[in-house]
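*Asks:* Below is the structure I would like to discuss, written out as C-alpha cells.
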C-alpha cells in the first residue's frame, strides 16, 4: 500500500482517504464534504490550467485547488 | 412567536419572521446547497424566488406564506449548508436559526441522486429537533439515473417522516404539506432515532448530560453535551447569547465538561480527532442507511455527464467552448433584438404625433405640452424601444445557461486565473451574475467565505456590463463599427466586438483584483472548494415566461420612475435660458473641456451623471440632449440616430470612448446601495465608486491622447 497526497492522483484513478493534514476551517469543510477515512475518491478531470481538479467523492463532484488537495493523504489499494 | 430581537431579548439571529397571524406555524426549509430547496419553496408558496443550478444561489433567506387546512405556514428558505458547523457569516445565520429559533418544524430537502451525503445534515438536524421532515427531492432525476430510493425504509430507520418529491414537476407536494401539518401538531407519532457514536464519545456525553439538563430545558441535552465537547467558538458565542449566560462558567457544567474531556483525552482524543470522529460516525451511519435503502443499477448517465464535463473543461476545448457560448448568446441577443426594436420604435414614435395633437386639443399650456410629450414621453419611448428588446432576450438566455448548471464550470475554468490574482474562483460566479445585474452580483458575493476575497469580488463586480448597459454597447457597435455590412455578417461582427469588450471587462476585473490584493486588501488566497452539480434540463418554458415577464415589468417600472423625471429635467434644461443660452448648453459647456480629454463631450458626460440611478437611461438622455439643440425631428431608427450623433461631432473615437466609459464608470445607485449594505462601510463604497471610474477615465484618456498623437505625426 502506498501513501501519497491527493494532488498526485492521476486523472481517472481512485484512491482512499487516509488522513487530513489540513487544519482549521478547511479541515472542517473537507470533513463536511465527506473526506473521512477510507472514503473512496477519484479524480475525474482537470481545468484547462491543470489546477483546480475535479474529484468524485460520495456521489458529488468537488473542485479542489492543488494546495488543498496536497493536504489530503490517500492510499491506493489493490490496483 | 417567531424569533425576533423583541421576542427573546437576544440578538441570536438576524432573521425576522413575517407572519400573518401570531398563530402561524414557522417552517424552516434547510438542506445541502443545490438540492432544489428554492424550487420546493416556490412550489409551496407560489412565489417566484429565482432558482439556478449552482450551489449558493440562495443568499439571504427568502420567506413566504402558504395556507393549508385553515392554517398559515410561514416558510423560511435557508441558504444551503453541508452541515450545522458554520464556515461563513451566511452559514452562521442559517445554523443559529435552526438551533435557536422557535421553529415549528424543519424540512430538510435532500437530493435523491446523492442521498448518502445529504443524510449527514439530516442526522445532525435530528439531534437538535424532533420535528423534522425529510423531503427527498429530485426523484424524477434519480429515476432517470436508475437510482431507486426506498423512502419508507429510511423513515423506519430515522424515525421521522420521509417524503419523496419532484418539486419541479409539483409531485409529492400534497404529501409534504400534510406531513408538515402532522408534525407541527405532534401527530406523526414518531420519535427520531439518533446516531450512536463510538462508545468513548457516548460515555463522555453521558457524563455531561445531567449537568446540562439542569441549565435549560429548551435545548436537547444530548446535542448540547456534544456541542460543549466540540467547543466551537462561534457556536458557543451564539449559545451564550441565547441562554443569556455563559454556560461553561456554570460550575456543575464546567466540572462535567472538564472530567469528560479528561476521559476522552485518556482514550487518545484531542479536539481535532474528536471532531473527526463525530463526522466519521455520522457518515458511517449515513452509509448504513443508504446501503439499506438506495439501489443504483446503471451509471450510463454519469458517464455522459462526465464526457460533457471533460469537453467543457479540458485544456484544448474548455476556454474555446466558453467563448463560443458567450458569442452565441450575444449574437442571439443582437440579431433577435433588431426586429422587435424596429417594431417598437415605429409604434412608439408613431404615437408621438397623436399624443401631441391630443394635448393641443385639450388646450394644454405649451410648456406642459412640450415637457410631457417631448420630454417625458420621448425618453420613455427611447428606453422601451432601444433598451428593452436586448434585455428581454439576453436575460432568459443567460438564465437558461444558469439553470443548465454551466456557471460552476466557468468558475472551474477561470479559478486558476483568479488564484493568480489572489482571489477566489467563486468570484467568476458573482461576475457572471453581474451580467444580469451588478447589484445582484454584489449580493451574490456572500457565497465567498474569505472576507478579503469577498471584498475584492464586491469592488470589482462593476467591471462586467450589466443587462442595462448591453443595449448601449450594442447600439453603438451597430452604428459605428459594423457600418456597411448587412444581415448575418453585421450581427456576427457585432457579437465578436461585444465579446471582445466583455473580455476587456473580465481582464480588468482580474487586473483590479490583483492590484487590490497587492495594496489595500493584502493576503494570500484561501482554500477553495466548489461543487460542480450535475447538469439539469432547464425548465425552458418557465424560464422564458418568468424572466421575460418579470424583467419586462421591472424595466418598464424602472423606466417610468427614472427615465421620466430625467426626461423632464433635460427638457427643462433645454428650454430654460440663462443669459441667452440654455441651461443645458451651460452645463455641457462646463463639462465639455474635461469630457474632451476623455474623448467624450459635455453632453455625454452629463448623460452618464444623470444616468446614475439607472444605466438604461444614459443613451436616451444623450439623444434627447442632442435633439433639443437640433432642427431635425425624425429619429426613430439607428440610421437617423447615427446622423444625429455625427452632426454632433461624433467620430469612431467618441464611440469607442463611450463604450469604454460605459463599461467602466461608477456603479449605478442601486448597486452602490447594495455595496454599502454588504460591506457596511462608506470607505469601501467610495472605493467601489472610484475604482472603475478611475480605470475608465484613464483608459479613455490614453486612447484619446494616443490617437491625437498618432494623427499629428
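Residue numbers (this note's numbering), protein chains in the order written: chain Y, 99 to 177; chain B, 32 to 744.
A virtual CB, placed ideally from N, CA and C, is assigned to each residue, including glycine.
Can you give me the C-alpha to C-alpha distance between residue 692(B) and residue 399(B), rounded to a whole angstrom?
*Replies:* Going by the C-alpha atoms only, they are around 34 Å apart.
*Asks:* DSSP state of residue 300(B), grouped into three classes?
*Replies:* In the structure shown, residue 300(B) sits in coil (DSSP, three-state: anything other than H, G, I, E or B).
*Asks:* Beta strand (DSSP E) containing residue 603(B): first to last residue?
*Replies:* Here residue 603(B) belongs to no beta strand (DSSP E); instead the alpha helix (DSSP H) covers 595–606.
*Asks:* Can you list, in chain order, the residues of its chain whose CB lies under 7 Å from that of residue 749(B), leaving out five sequence neighbours each side?
*Replies:* Outside the displayed range of chain B (32 to 744) lies residue 749(B), so it cannot be described from this structure.
*Asks:* Return yes when the Cβ of residue 260(B) is within less than 8 Å of the Cβ of residue 292(B), no when it is not.
*Replies:* Yes; because the gap between Cβ atoms is below 8 Å, this pair is in contact.
*Asks:* By the three-class DSSP mapping on this structure, what secondary structure does residue 503(B) have?
*Replies:* DSSP places residue 503(B) in helix when its eight states are reduced to three.
*Asks:* Below 8 Å on the Cβ atoms is my guess for residue 214(B) versus residue 192(B); work out the distance and round it to an integer in Å.
*Replies:* The Cβ separation is near 7 Å, so the contact holds.
*Asks:* Cβ closer than 8 Å: which chain B residues qualify as neighbours of residue 145(Y)?
*Replies:* By Cβ distance, chain B contributes 344, 349, 443, 444, 446 and 447.
*Asks:* Measure the CB-CB distance between residue 697(B) and residue 733(B) and report whether it falls below 8 Å.
*Replies:* No, these two residues do not count as a Cβ contact at 8 Å.
*Asks:* What are the start and end residues of the beta strand (DSSP E) that includes residue 327(B)?
*Replies:* Here the beta strand (DSSP E) through residue 327(B) covers 325–327.
*Asks:* May I have the straight-line CA-CA distance separating residue 44(B) from residue 131(B), to the nearest angstrom?
*Replies:* Low local confidence applies: a pLDDT of 42 at residue 44(B) is under 50, so the model's placement there is unreliable, and no value is given.
*Asks:* Check each candidate in 585(B), 407(B), 444(B) and 689(B) and name the one with the smallest Cα separation from residue 163(Y).
*Replies:* Minimum Cα distance to residue 163(Y) is reached at 444(B).
*Asks:* Buried or exposed: which applies to residue 106(Y), given that a residue is buried once 16 or more other Cβ atoms fall within 10 Å of its Cβ?
*Replies:* The residue is exposed, with fewer than 16 neighbouring Cβ atoms inside 10 Å.
*Asks:* Pick helix, strand or coil for residue 102(B), following the three-state DSSP scheme.
*Replies:* Here residue 102(B) sits in strand by DSSP.
*Asks:* If you compare alpha carbons, which of 478(B), 501(B) and 514(B) is closest to residue 650(B)?
*Replies:* Nearest option by C-alpha distance: 501(B).
*Asks:* Please confirm if residue 150(Y) has its CB atom under 8 Å from at least one CB of chain B.
*Replies:* Taking Cβ atoms only, chain B reaches closer than 8 Å to residue 150(Y), which makes this a yes.
*Asks:* Starting from residue 142(B), follow the alpha helix (DSSP H) in both directions and report where the run begins and ends.
*Replies:* It is not in any alpha helix (DSSP H) - residue 142(B) instead sits in the beta strand (DSSP E) that spans 136–142.
*Asks:* At 4 residues or longer, what runs of the alpha helix (DSSP H) sit wholly inside the segment 406–476 of chain B?
*Replies:* You should have 409–413, 419–435, 438–451, 458–467 and 469–475.
*Asks:* Residue 538(B) CB to nearest chain Y CB: under 8 Å?
*Replies:* Not closer than 8 Å to any Cβ of chain Y, the Cβ of residue 538(B) fails to qualify, so no.
*Asks:* Taking 8 Å as the threshold, find out whether the segment 456–465 of chain B comes into contact with the segment 425–444 of chain B through three or more Cβ pairs.
*Replies:* Yes, they touch.
*Asks:* What does a CB cutoff of less than 8 Å around residue 555(B) pick up in its chain, not counting 5 residues either side in sequence?
*Replies:* Cβ within range, chain order: 453.
*Asks:* Mind the definition here: the segment 235–252 of chain B touches the segment 287–307 of chain B only if three or more C-beta pairs lie below 8 Å; say whether that holds.
*Replies:* With a cut-off of 8 Å, the segment 287–307 of chain B and the segment 235–252 of chain B count as touching, because enough Cβ pairs lie within range.
*Asks:* Counting contacts by CB-CB distance shorter than 8 Å, is residue 173(Y) in contact with chain B?
*Replies:* Not closer than 8 Å to any Cβ of chain B, the Cβ of residue 173(Y) fails to qualify, so no.
*Asks:* So, for residue 548(B): in the same chain, excluding its five sequence neighbours on each side, which residues have a beta-carbon less than 6 Å away from its beta-carbon?
*Replies:* So the qualifying residues of the chain are 453.
*Asks:* Have a look at residue 607(B) and residue 599(B) and give me their C-alpha separation to the nearest angstrom.
*Replies:* Residue 607(B) and residue 599(B): Cα-Cα distance of roughly 12 Å.
*Asks:* Check distances from the C-beta atoms of the segment 104–129 of chain Y to those of chain B and list, in chain order, the residues that come in under 8 Å.
*Replies:* Cβ contacts with chain B: 118, 120, 121, 123, 124, 125, 126, 127, 128 and 129.
*Asks:* Roughly how many whole angstroms lie between the Cα atoms of residue 113(Y) and residue 167(Y)?
*Replies:* Straight-line Cα distance between these residues: approximately 13 Å.
*Asks:* Assign residue 36(B) to one of two classes, buried (16 or more other C-beta atoms within 10 Å of its C-beta) or exposed (fewer than that).
*Replies:* For residue 36(B), the predicted structure reports a pLDDT of 29, less than 50, and the residue's modelled location is therefore unreliable. The matter cannot be settled from this model.
*Asks:* Alpha carbon to alpha carbon, how far is residue 365(B) from residue 723(B)? Give it in angstroms, no decimals.
*Replies:* Rounded to the nearest angstrom, the two C-alpha atoms are 26 Å apart.
*Asks:* Does residue 147(B) get closer than 8 Å to chain A when you measure Cβ to Cβ?
*Replies:* Given the protein chain composition of this structure (Y and B), no chain A is represented.
*Asks:* What whole-angstrom Cβ distance do residue 141(Y) and residue 110(Y) have, given they're in contact under 8 Å?
*Replies:* Yes, they are in contact, since the Cβ atoms of residue 141(Y) and residue 110(Y) sit about 7 Å apart, within 8 Å.
*Asks:* In three-state DSSP terms, what is residue 163(Y)?
*Replies:* Residue state, collapsed to three classes: coil.
*Asks:* So, under 8 Å CB-CB, residue 212(B) and residue 99(B) are touching, yes? Tell me the CB distance rounded to an integer number of Å.
*Replies:* Their Cβ separation, rounded to whole angstroms, is 6 Å, which keeps residue 212(B) and residue 99(B) in contact under 8 Å.
*Asks:* Distance cutoff 8 Å, beta carbons only. Does residue 167(Y) sit that close to anything in chain B?
*Replies:* Not an interface residue.
*Asks:* To the nearest angstrom, how far is the alpha carbon of residue 51(B) from that of residue 305(B)?
*Replies:* If I take the Cα positions, the gap works out to 45 Å.
*Asks:* Residue 473(B) and residue 706(B) - do their beta-carbons sit closer together than 8 Å?
*Replies:* Taking 8 Å as the Cβ cut-off, residue 706(B) and residue 473(B) qualify as a contacting pair.
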